[in-house]
Amino acid sequence: MYPSPILTLTLGVLITGVAAAELRNLAASTWAYLVHSLFLAGTFAAFAIVTDSPQLYWWVLAAVLTKVIFIPLLLRWYIIRHPATELRPTLGLRLSLVILSLLLIVFFKLVHTHMNFIAPTEAASLEPARSNLAVAFTVFAMGLYVLVTRRDAVKNVIGLCLLENGAHLSLVVLAPTLPGTLFIGLVTNVTLFVWVLIYVTSGIYQLLGSPDTFRLSELRR
Amino acid sequence: MAVIDLLIGALILLVVGAAVTALLAKRRAMCGYVAFLFVAVASVWVGVAAFHVLSTGSPIAGAPVLTIAPLNSSLVFTVDGLSAVFLLITSLIAVCTTLFSVRYMLVDERYSLVRYYPILLLFFASVISVVSVRNMLFFLVFWEFMTLASYVLVVFETDNADARRAGLQYFIATHIATGGILLATILLYTNAPVKSFEFEALLESTRALMATSPALIHLILALFVIGFATKAGILPFGFWLPNAHPVAPSPFSAVLSGCMVKIGVYGVLVVFTSLTPLSHFTTVWGVWIAVLGTVSIFVASLTALQQTDSKRLLAFSTIGQMGYIWLALGVGLALLRISPAVAVVALMAGLFHLVNHACFKSLLFLNAGAALYRTGTRDMDKAGGLMRIMPVTAVTAIIAALAISGIPGLNGFASKWLIFESGIVGGFEIPLLVFLVVVAIFISAVTLAYYMKFLGMVFVGKLHIGQEVERREVPVSMLVPQVLMAIPCVAFGVLPMLALKYLYVAANGILPAGYSPAFASLFGSSPLAVNLSLSGLRSGAWGPVAILVAFVGCLVLGYLISRMGAAQTREVPMWLCGEEHDFSEVRYPVHSFLLTFNRYFAKLYPPIPVPRLPRPTAILKLLDIDRWLYYPGLRWGERIIRVISATHAGFPQLYVLWMIVGAALAVIVLFSMGGGP
Amino acid sequence: MIAIAEISARDLLVPLVAAPLIGALLCVFLKRRASDYVAAIFATITLVLAAGAIGNLFSDLDATHRVPLGWLVNIAGESRPAPLVFELSIDALGALMLFVVTVIGFLVVIYSSEYLSPRNVEHPVANGKGRYYAWLLLFVGAMVGIALAGNFFQLFIFWEITTLCSWALISYYQDEASLRAGFKALIMTAIGGLFFVLALVLMYLNLDTDPFAFDALGRLAPGLRSLVFVFLLVAAWAKAAQFPFFTWLPDAMAAPTPISCYLHAAAMVKAGVYLIARVVSASYGLSYGVGLLTGIMALATIFIVVFLFLFQDDLKKILALSTISHLGYILIGCALGAWGSATAFQGGLLHIAAHGCGKGLLFLSVGMITYFTGTRRISELSGVGRRLPIVAVGFFVGAFTVTGVPPLAGFWSKFLILTGGLELGGFAAVIAILLLIESMIAFGFFLWVGQRVFFGSPSFDAPPAKAVAWPMTTAVIILAVLCLVVTLFALPVIQHIPLGM
Amino acid sequence: MTFAINLGLVLLIGPLLAGVVRKVVRARVHSRKGPPIVQPFYDLFKLLGKEDLQSVASQVVQYAPLVAFASVLVAALLTPMGMRAPLGQYGDMIVFAYFITIAAVAVVMTGLACSSPYSMMGAGREVMMHLVVEPVLIICLITAAIKAGSLLMWDMAAWNYVNGPAISMVAAAVALFLALQAQVGKLPFDIPEADQEIMGGPFIELSGPKLAMFQWAFFARQVVYASVLAVIFIPWGLTFAFPWNVGAHLLKVIVLIVLVGVIDVVNPRLRIDQAMSYFFGVIFVALVAMAFALIGA
């Protein structure tokens, strides 16, 4: 592993991702996510420069607009109306940090090693794409981890966003020729999705008095 | 205009009349008169057409009205001699009963007339149609429509539980009988060389089957005979009749007994003359028909003797008299191959009795109806001596009762006499027939006995009615039909040759050409006397004119003798051994009359037990597939589903977990399948 | 401008399917009276279009008019041409079915406008009529689709739509019983539908050209042909409520009575027998065995029903049971047709129309009884005829029609089946005679029921506001007249329906 | 002339024979002198002059006696009495049987019309007796008809004369003789009238000329019945020349009626059910006779 701007950026993506996942203050978590998204956009930009593909600039633009501006705005819109502290997640902070770190390391290592199995293409097996793709999968796994372990609806949204970010990051590696407009569509879709989720979460809060997703089963009654 | 168009016109008129009367049903009296108008015109037309056929002797046929191609059948109205006889009696009865109904049906305002006149008119239309088609398919259609219409009229008084029960019994019994006829018809049709329901085609079918499968022919003929016997009220198949006839409105009882049951006879005649070639089958089934007829004569008449309900008595009497007709037909059919002369006379005797019975039985039902109209009861114990207030009704009733009991000089005697003559002479060939005739003659006396009872209890004797009964004759519109129907009773009695001349045409028409001996050689040439020559020799004689002249002479002689002493008349009270009783206390009850004799035959006509349908619940459980197959299956499915549904707690984290687990599994599987690095 | 005479049957087929569907869509958004009118208008349009299509067909009854619409995605690759699966067609058999479903559909829509009202004593209905009409018209559309289907595949699609609609309509009142009944009907008919799919798959896999055409069975190998036929037969049994799947039909009487009338007398159950009639009509070389299976099972159904009659006190359930047995009659007509008797086959087809009219009439009459009295238990009713004479006429005409009293329509159909059976002889004759016996028993039973319910002293007071019931009365009268005359114009059509030999 | 002979036989000889039976048989058995032979005529003439008492004003009661009288006379005219009957070619045995029945009908109608419980009871008994007795006559006559091949009564008589006695005819004659007792209304079968219990039954309300006509009709009917038995079943003496054949016939009739009288005197009355059981037996005998005839014996 050798230092390169891209890897540095992706490291940033990882660290801020962990912060967004683990911070108990939702506002702080949102800020962390903002930074995370910025790193992501930076990664896109770096790839644009490295691979010299102009359409990736559209990606950067779209990522900045949606992930850095709109989604944090939406989250903020929610947070200022509701309690700012996350509901207690299923795992304690320390334990969660340990587990998450282990998960990230193991996952990164696993994916990095067996890249041929996941993306049997020429480009994906080479650095920095290889590490980058591993990071993308790690972020994806992180999102899943957040989704599974967190009770708070906003945290789930953030987890979902992380998951999406992972996916989008992998797109850069696997399908850099994807038209910019299509990517704009994808991220806009995610934005809409988040908007809907926030709306629903707000409704859940009104109904149940808490954003606890574990209590969603009560809605069936 | 062809003569047949009169018949078709009459049918159209009746159908139109049905519609018109249906619209007028709210205005009861007017509805009746309008119905009468339609029926009268239609009857005259039909009567003219029928009489035309009888006088010319040649059948008339119209053009096809309707064709059903898949079954090679077309509806053609045809009138031959036999149909003409039935058409004539139908017209007479139709006119008389409809006129009688006008006032009779005014009484009970609970029931809407929309169920009476329109149906009655359709009924007449169907009867006319039944006897004027020569296609078994349409015969059956009209036949069953006739049943349908008559059912509606039988249950006219729907509040009456007896009527309901009788109607149910009637329709089910006759419908099943029709099912048998249908089956027999189709069996013939399927074996026909030319697939058609025309009588001619079915005749060929019978001819072909006779050679190949006689058992099947016997089956078919049995179905036909039983089917038509059911309709004709022949016991044991006509058990519905004594229940159904009394409960119908009296004018329609008259139609039932006078007209509808006769169509069963028409059916049998058609089967054995138009659908079956002359063969030993005719002989065998002729004997069976005669036996059935005799059974009916015996059982029904002896049961009639026990009745206390006037209309029920008349209904049993109908069965008995139908038995006479069947006996005659049976004799005729049995001897058709052996002795044409006797057979022709027997068939004519049957037809003659049929015509006569149509006249006097309808008349009797009208008489009973008139009594019912006036007194409100059919129980002979509750009303009696009506001759005092209803002389015309009573006199016509006496004429009818004496005619049906076979008092010489009236028409019933003439036909019975012919039946006995032909039966006895036929007995020279088939001895069994003589015994049947002996039974018939014995029962002739029984008939006399129960009509004595009927007359004695209802009409003659001391007046015995409730206070509320109006003491006057029924309205004129009810008297005219009675008088009209009494006329043929007397006319055919005095001049039987008048009827025989036309019946010969009818009987001749249904027999193979040139088969029957000449009219004069059978009945002699004198129009005033029947000089019967059955086996070549002169075998019997009935000269009503001469004998009636002698009878009147003797009456005058007797009158002169009785006036010899110039006796004076004086009114005295009834002699009750010197004691004084109110008449109603000492009135002899109907039940006691002939009680000793009736004891011998009390069990002859047991009441038919109403079948109690068993309800085998065990089989029901077996058939409840839900219970032992589907619901248990469903419960098992539910159990499995419950297990699966436990994995769906309702919050998203769990689903994500499942997804992860699933993805991991998939990866592991893919990995282990060798696709891995 | 196009002259009316120039419109051919083909031009009418697409609007014919579309009209009820559009009506259904509109009705979703409408409230009480408005939905009455819209539904009536679209039912009328459907009826008129159907009349036009059938009328056009009369010029050449042997013809088949086709309107091809689309092809199936060719999943089998390039080795063979893609089968045509969406096409509307009309021929004599389709016209017969079309007649039944549109005429009775129209009458049921008219009838429903009054039946579903707050005045209904048994089930006062204040709202929800839009939903009702939407499903009903969708149902009519689906049935029209079945009648006009040009091949098995499309028939199947509309077939499943009817299953869905029946579920919604049976559960219309949304009480415990009706929800259960609707679910039961859905499950049982859908399971039958699975066998239909199996049959379709088998046909597709084994035929290179036109695997779903109606004559496809004839082109299969004999063993396979029987298998496919049996699969289709199972589907038809489920749909037509035959043994052993008949149990959903009596339960489905929880539906509003006009729905019972349409689904369980005229339309849905008839889809099942229509399928078999199609197969028998278009296929050749059906083995003796499959005919035997069809016949024996139908016979078993018929006699089970006769037995079940004894235990019923519910008027509608009696009608339901009777329906089951009459579908058995039609299937027997088809079975005898498969054995080669054109007469019996025509009888079976005629029975589709005759029974549709007769049983429809019975259901509508019983519906009026419940509308006015609030009960349909035989033991609680008497003297209905005095209060509701038209209903009495309707019931008796209907009963006499289905039990085969001449000159009503049922007589002719039963007569033809009987004749066909006796013509064939052997076991077919036995079947025919058993049918005759059943007919007699059913006749006696219906007569008894009719007398019990309609005669005697009235069990309830005079119905209020007779005038409002005119839609129901009209429907009853029209059907009663149809019972009398339907043979006259159905028989010429039926004559032109071929029998595959 | 045949008219006169037949009518004279039944109208004059009938009452006279009754007188003979009373004088010769009954009085002798009672060991008393008895009334003169013409006593029945005295009775009749006396009745004709008596007052006619009416308890029920009924046309039927008015005319029934005349009808009974006339019908018996017509039956007599149909019966060959030693020679061809005057109305023989206008009526055969069935016509005869029906005409002789009319008399019974008249009795019954009278009984019913009077409406007295006694008369109605009597009428009922009359009907019942008629029901069981009349079949015997009919069956016996049919037996003869089967033998003769014709239903004309003279042909039957002629056949029996020419072809001699047959088993069936003898059996029929026996049966008919057993029935004769009831047909003429003598003990033990005078159940319908039964003067001692129901006071004349159907005739309880009759008096004067009406009773006379009935009585005269019954006197005549005795002769008619006896004549049938005599002429058809006991055919000897048929071909004698004119006065002799009538004389022989008269002789046979007298013998028969005296025999009936003897039985009448020495027997008590039966109950109606006993009588019916008895006649069912007689009917059986007659049927056996007919069966013999059918097999040609």
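Chains as they are written, first to last, in the numbering used here: chain A, 1 to 221; chain B, 222 to 898; chain C, 899 to 1399; chain D, 1400 to 1696.
Think of the CB as a built atom: it goes at the ideal place given N, C-alpha and C, for glycine as much as any other residue.
As the structure is a prediction and not an experimental result, all values here were calculated from the model.
Think of a sphere of 8 Å around the beta carbon of Phe-1683 (chain D): no beta carbon from chain B falls inside it, the nearest being about 12 Å out. Between Gly-730 (chain B) and Gly-302 (chain B), the C-beta spacing is below 8 Å. DSSP places Ser-933 (chain C) inside the alpha helix (DSSP H), whose first and last residues are 930-955. By the criterion of a C-beta distance shorter than 7 Å, Gly-1523 (chain D) is surrounded by no residue of its chain, once the five residues flanking it on both sides are discounted. A direct Cα-Cα distance of roughly 31 Å separates Thr-43 (chain A) from Thr-85 (chain A). Residue burial annotation: Met-1400 (chain D) is exposed, with fewer than 16 other C-beta atoms found within 10 angstroms of its C-beta.
Counting only unbroken stretches of 4 or more residues, the alpha helix (DSSP H) elements lying wholly within the stretch 1216-1274 of chain C are 1240-1271, in sequence order. Counting only unbroken stretches of 4 or more residues, the alpha helix (DSSP H) elements lying wholly within the stretch 424-471 of chain B are 435-453, 462-468, in sequence order. Restricted to the stretch 713-768 of chain B, the alpha helix (DSSP H) segments that are unbroken, complete and at least 4 residues in length are 717-731, 740-744, listed in chain order. A direct Cα-Cα distance of roughly 34 Å separates Asp-1106 (chain C) from Ser-957 (chain C). Boundaries of the alpha helix (DSSP H) harbouring Arg-94 (chain A): 93-113, taken from the DSSP string.
Non-local C-beta neighbours of Val-1681 (chain D) in its own chain, meaning closer than 7 Å and more than five positions away in sequence, comprise Val-1535, Ala-1574, Leu-1577, Ala-1578, ordered along the chain.
Residue pairing from DSSP places Ser-295 (chain B) in a beta bridge opposite B:Thr-288. Taken in chain order, the whole alpha helix (DSSP H) runs of length 4 or more contained in the stretch 1533-1558 of chain D number zero. Here the stretch 601-616 of chain B makes no contact with the stretch 732-743 of chain B; the two share fewer than three CB pairs at distances below 8 Å. Cα atoms of Gly-1481 (chain D) and Met-1552 (chain D): separation of roughly 11 Å, rounded to the nearest angstrom. Following the DSSP letters along the chain, one finds Gln-542 (chain B) inside the alpha helix (DSSP H) bounded by residues 531-556. Within chain C, the residues Gly-1342, Leu-1345, Trp-1346, Gln-1349 have their CB atoms less than 9 Å from the CB of Leu-389 (chain B), given in chain order.
For Thr-1317 (chain C), the nearest beta carbon of chain B is closer than 8 Å to its own beta carbon. A contact between stretches requires three or more CB pairs, one per stretch, nearer than 8 Å, and the stretch 640-650 of chain B fails this requirement with the stretch 1508-1515 of chain D. Contact of Gly-544 (chain B) with chain D is not assigned, every C-beta pair being separated by 8 Å or more. Apart from sequence neighbours up to five positions away, the residues of its chain that approach Ala-422 (chain B) with a beta-carbon distance below 6 Å are Ala-413, Val-415, ordered along the chain. Look at Thr-1000 (chain C) here: in three-state DSSP terms it is helix. For Leu-320 (chain B), the enclosing alpha helix (DSSP H) stretches over residues 302-325.
Going by DSSP, Ile-988 (chain C) is part of the beta strand (DSSP E) stretching over 982-988. DSSP, read as helix, strand or coil, puts Gln-703 (chain B) in helix. Under the rule that a run must span 4 or more residues, the alpha helix (DSSP H) segments found entirely inside the stretch 1555-1620 of chain D read 1566-1582, 1594-1597. With the criterion set as a beta carbon lying under 7 Å from some beta carbon of chain B, the members of the stretch 1480-1499 of chain D are Leu-1486, Gln-1488, Tyr-1489, Gly-1490, Asp-1491, Ile-1493, Val-1494, Tyr-1497, Phe-1498, in sequence order. Taking every protein chain shown into account, the CB of Cys-480 (chain B) has 16 or more other CB atoms within 10 angstroms, so this residue is buried. In terms of Cβ geometry, Glu-1020 (chain C) and Thr-1221 (chain C) do not form a close pair [threshold 8 Å]. In this chain, the beta strand (DSSP E) harbouring Thr-790 (chain B) covers 790-792. Counting C-beta atoms within 10 angstroms of its own C-beta, His-439 (chain B) has fewer than 16 neighbours from the protein chains shown and is therefore classed as exposed.
The C-beta of Gly-1599 (chain D) comes no closer than 8 Å to any C-beta of chain B. Secondary structure at His-1529 (chain D): helix, using DSSP grouped into helix, strand and coil. Between Ala-45 (chain A) and Val-60 (chain A), the C-beta spacing is below 8 Å. Taking C-beta atoms under 8 Å as the contact rule, Thr-191 (chain A) and Phe-70 (chain A) qualify, at a distance of about 5 Å.
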